[in-house]
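Protein chains in written order, with this note's numbering: chain A, 1 to 432; chain B, 1 to 143. For each residue, glycine too, the CB sits at the ideal point set by N, CA and C. Just so it is clear, the structure is predicted and the values come from calculations on it, not from any experiment. For reference, the structure is listed below as C-alpha cells.
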C-alpha cells in the first residue's frame with residue numbers, strides 16, 4: 001500500500017533527475033532570497049549556475065544548528081513573513097531556540113510525507129489516529145496530526161499527558177493507530193495493563209519517533225499493546241516527523257527523497273561517504289519554500305542503502321540512528337544540549353559551572369538529574385537556603401530546557417575535572 | 001555570648017558522615033553536640049566542638065564545605081516544661097527559631113539547648129530579661 005505510488009516506486013534514475021531539477025531550483029531560490037546562503041556560496045566562489053544536477057550537491061556548503069542560531073529567528077527564511085503560515089521551535093544549543101517556518105505549501109508537503117509514513121504502517125481513511133505527541137512548538141504533535149488528516153483518518157489531538165484520559169479515549173473512541181514517543185507508548189501500555197484495559201483497546205499499529213529506541217523496546221511495545229510498531233524519523237529543521245519512516249518490512253526507514261535529499265558524510269572531513277558506510281546524516285530540502293535548508297547536518301549517525309526494498313519502494317533507506325556526532329540528548333522527546341545546562345549555571349552565582357547529567361528511565365519515563373556543585377561561600381547552615389537554591393536552579397533549567405529536572409546539590413570539587421573533553425553525562429538508558 | 005557552630009555540607013553519598021568524624025577524631029577535636037538536618041538529597045551537619053576554629057580548618061583542608069555560624073547556647077532545667085520557658089520567652093518577643101537541638105552531659109546539671117535564631121543580639125537581650133541561663137563560649141567548649 002502506497003500513499004504516492006508514482007513517487008515512492010519511481011525508478012532511481014528518474015528520481016535522481018527529479019531531485020536534481022528540484023535542487024537547482026532550491027539553490028537558485030536561496031541564493032536569491034537568503035543573504036547568509038548567498039554569502040556562504042560567494043565565500044567559496046560558488047554560483048547557482050554551478051549546480052546543474054544532484055552530482056553537484058557535494059559542492060554546496062553545509063548548514064548547521066549554529067547557522068540557525070546566528071540567524072535567529074528568521075534570517076534563513078526564503079520568503080517574506082506574509083507567506084509564512086506556521087512557526088515551530090525546538091531546543092538550540094544555548095539559550096536561543098531553533099526556529100523553523102512553514103508556508104502553506106510546506107504544510108502540505110509535511111502532511112504528504114507524514115501521510116506516506118502512516119500509510120506504510122497500514123493506515124487508511126478508515127483509521128482513528130490517536131496522536132499523543134505534545135502539541136505546541138514541538139513539531140511532533142502537529143506533524144503527526146497533518147499526516148493523519150492528509151490520509152483522511154479521524155485524527156485525535158490528544159497530546160501528551162493525562163494517562164488515564166489517554167486510555168479512556170483509546171477505549172471509547174476506538175483508536176486504531178497510536179503516534180507518540182516509544183517511551184510514552186510503553187508508559188501507556190503499563191497504564192492500560194493497570195486499568196485492565198489492554199483487551200478493550202483496538203490499536204493495531206503504532207508509529208513512534210522523536211527519540212532513539214531499540215529493537216527490544218519495539219518487541220516489548222508490540223507484545224504489551226498487541227500492535228505492530230513502526231519507526232518514524234524527522235527533525236524540525238528539515239520538516240518534522242515524516243522525513244523518513246518504516247514500511248511493513250521494517251528494514252530501515254524510507255527517506256522521502258523527492259523532498260529531502262539524504263547524504264552520509266564523514267563528520268570530521270565533510271566528505272561524502274558511499275552507501276553502506278556509517279557517518280553523519282545530512283539532508284537538503286529541495287521543495288520547501290519558507291526555510292529550505294541546504295545540506296543540513298543532523299548530527300545523527302546513520303547509514304544509507306539504495307537497494308530495492310521488498311515493499312516495492314525505490315527510495316533510499318536510512319538505518320535507525322546509531323548515535324550522535326554531538327552530545328545532544330533526547331529526554332522525553334525533548335532535545336537537550338549540555339551546553340544549555342552550562343549556560344544556565346553560568347547565570348547562577350551560587351553554583352559552579354561544573355555539572356553532571358544523569359539520565360535514566362524509570363517506569364518507562366525518562367528522568368534527568370542535574371548534579372550541581374554549590375560554591376563553598378554560599379553554603380549555609382540553614383536547609384531553607386539550600387532548598388531555595390535548588391528550586392531556583394530547577395526553575396531556570398525548566399524554563400531553558402522545556403523539561404523538568406531533579407537538581408542535586410553536590411559538594412564543591414566533587415565532580416571530576418578532566419583535561420580533555422569533560423564527561424558531563426551518564427546515560428543509563430543504553431538506547432543506542 | 002555567642003557560640004561558634006561548625007556546619008558541614010553532606011552530600012547524599014555513603015560514608016560522608018563517618019569521614020567527617022574521622023577527620024575530627026584524627027585531629028583531636030572533641031564533639032560536644034551535633035545535629036543532622038537531612039533532606040531527600042543532602043544533609044547539613046551542625047557541630048559544637050571544643051575548638052571550632054581548628055575544626056573548620058581541618059575539615060576545609062580535607063575538602064569539606066564548611067561554614068561557621070554564631071548560635072546561642074542556653075541551660076534549661078532538666079524537668080518537664082524546662083524548654084518551654086526559653087521558647088515562650090522568644091515567642092513573646094516574636095523571635096523566630098530557625099532550628100534548635102538539645103544535649104545533656106554528665107559533668108553539669110541540666111540540659112543544654114543550641115538555638116539558631118534570626119537575630120542573636122535581640123534574642124539574648126530578651127532571654128536575659130526572662131532569666132534564662134545563657135552559656136559562654138568557654139563554658140560550652142569545655143563541657
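Any chain A beta carbon closer than 8 Å to residue i
{"i": "residue 18 of chain B", "result": "no"}
{"i": "residue 11 of chain B", "result": "yes"}
{"i": "residue 94 of chain B", "result": "no"}
{"i": "residue 142 of chain B", "result": "no"}
{"i": "residue 137 of chain B", "result": "no"}
{"i": "residue 98 of chain B", "result": "yes"}
{"i": "residue 5 of chain B", "result": "yes"}
Chain B within 8 Å of residue i, Cβ atoms only
{"i": "residue 411 of chain A", "result": "yes"}
{"i": "residue 359 of chain A", "result": "no"}
{"i": "residue 379 of chain A", "result": "yes"}
Spatially closest choice to residue i from the options, by CA coordinates
{"i": "residue 54 of chain A", "options": "A:286, A:78, A:129", "result": "A:286"}
{"i": "residue 133 of chain A", "options": "A:227, A:358, A:240, A:47", "result": "A:240"}
{"i": "residue 1 of chain A", "options": "A:248, A:389, A:388", "result": "A:248"}
{"i": "residue 85 of chain A", "options": "A:79, A:94, A:103", "result": "A:103"}
{"i": "residue 305 of chain A", "options": "A:409, A:320, A:117, A:294", "result": "A:320"}
{"i": "residue 411 of chain A", "options": "A:97, A:378, A:51, A:363", "result": "A:378"}
{"i": "residue 80 of chain A", "options": "A:20, A:385, A:34", "result": "A:34"}
{"i": "residue 327 of chain A", "options": "A:138, A:356, A:372", "result": "A:356"}
{"i": "residue 60 of chain B", "options": "B:19, B:84, B:77, B:33", "result": "B:19"}
{"i": "residue 194 of chain A", "options": "A:182, A:83, A:21, A:164", "result": "A:164"}
{"i": "residue 69 of chain B", "options": "B:78, B:63, B:56, B:76", "result": "B:56"}
{"i": "residue 184 of chain A", "options": "A:169, A:211, A:204, A:174", "result": "A:211"}
{"i": "residue 441 of chain A", "options": "A:375, A:374, A:358", "result": "Residue coverage of chain A in this structure runs from 1 to 432, which leaves residue 441 of chain A outside it and unanswerable."}
Neighbour list for residue i in chain B, Cβ cutoff strictly below 7 Å
{"i": "residue 376 of chain A", "result": "65"}
{"i": "residue 408 of chain A", "result": "41"}
Reduced DSSP category for residue i - H, G, I as helix; E, B as strand; rest coil
{"i": "residue 91 of chain B", "result": "helix"}
{"i": "residue 173 of chain A", "result": "helix"}
{"i": "residue 103 of chain B", "result": "strand"}
{"i": "residue 205 of chain A", "result": "strand"}
{"i": "residue 144 of chain A", "result": "helix"}
{"i": "residue 360 of chain A", "result": "strand"}
{"i": "residue 72 of chain B", "result": "strand"}
{"i": "residue 185 of chain A", "result": "helix"}
{"i": "residue 111 of chain A", "result": "helix"}
{"i": "residue 366 of chain A", "result": "strand"}
{"i": "residue 32 of chain A", "result": "helix"}
{"i": "residue 379 of chain A", "result": "coil"}
{"i": "residue 103 of chain A", "result": "strand"}
{"i": "residue 86 of chain B", "result": "helix"}
{"i": "residue 286 of chain A", "result": "coil"}
{"i": "residue 129 of chain A", "result": "strand"}
{"i": "residue 123 of chain A", "result": "coil"}
{"i": "residue 164 of chain A", "result": "helix"}
{"i": "residue 330 of chain A", "result": "strand"}
{"i": "residue 24 of chain B", "result": "helix"}
Neighbouring residues, chain A, relative to residue i (Cβ below 9 Å)
{"i": "residue 14 of chain B", "result": "Correct list: empty, because the minimum Cβ distance to chain A is about 14 Å."}
{"i": "residue 46 of chain B", "result": "381"}
Listed by chain order, chain B residues near residue i by CB distance under 8 Å
{"i": "residue 107 of chain A", "result": "What residue 107 of chain A touches in chain B: nothing, since even the nearest Cβ is about 46 Å away."}
Within chain B, partners of residue i - CB distance below 9 Å
{"i": "residue 414 of chain A", "result": "11, 13, 63"}
Residue i CB to nearest heavy atom of the ligand MG below 7 Å
{"i": "residue 296 of chain A", "result": "The model depicted lacks the ligand MG and carries no ligand whatsoever."}
Members of the region 48–74 of chain B that neighbour chain A once the beta carbon cut-off is set at 7 Å: 63, 65, 67, 69
Taking beta-carbon pairs under 7 Å, can you tell me which members of the region 32–44 of chain B lie near chain A? 37, 39, 41, 42, 44
Proximal residues, the region 59–76 of chain A versus chain B, C-beta separation under 8 Å: none
Using a Cβ-Cβ cutoff of 9 Å, what residues of the region 383–405 of chain A are near chain B? List them in chain order. 383, 384, 386, 387, 390
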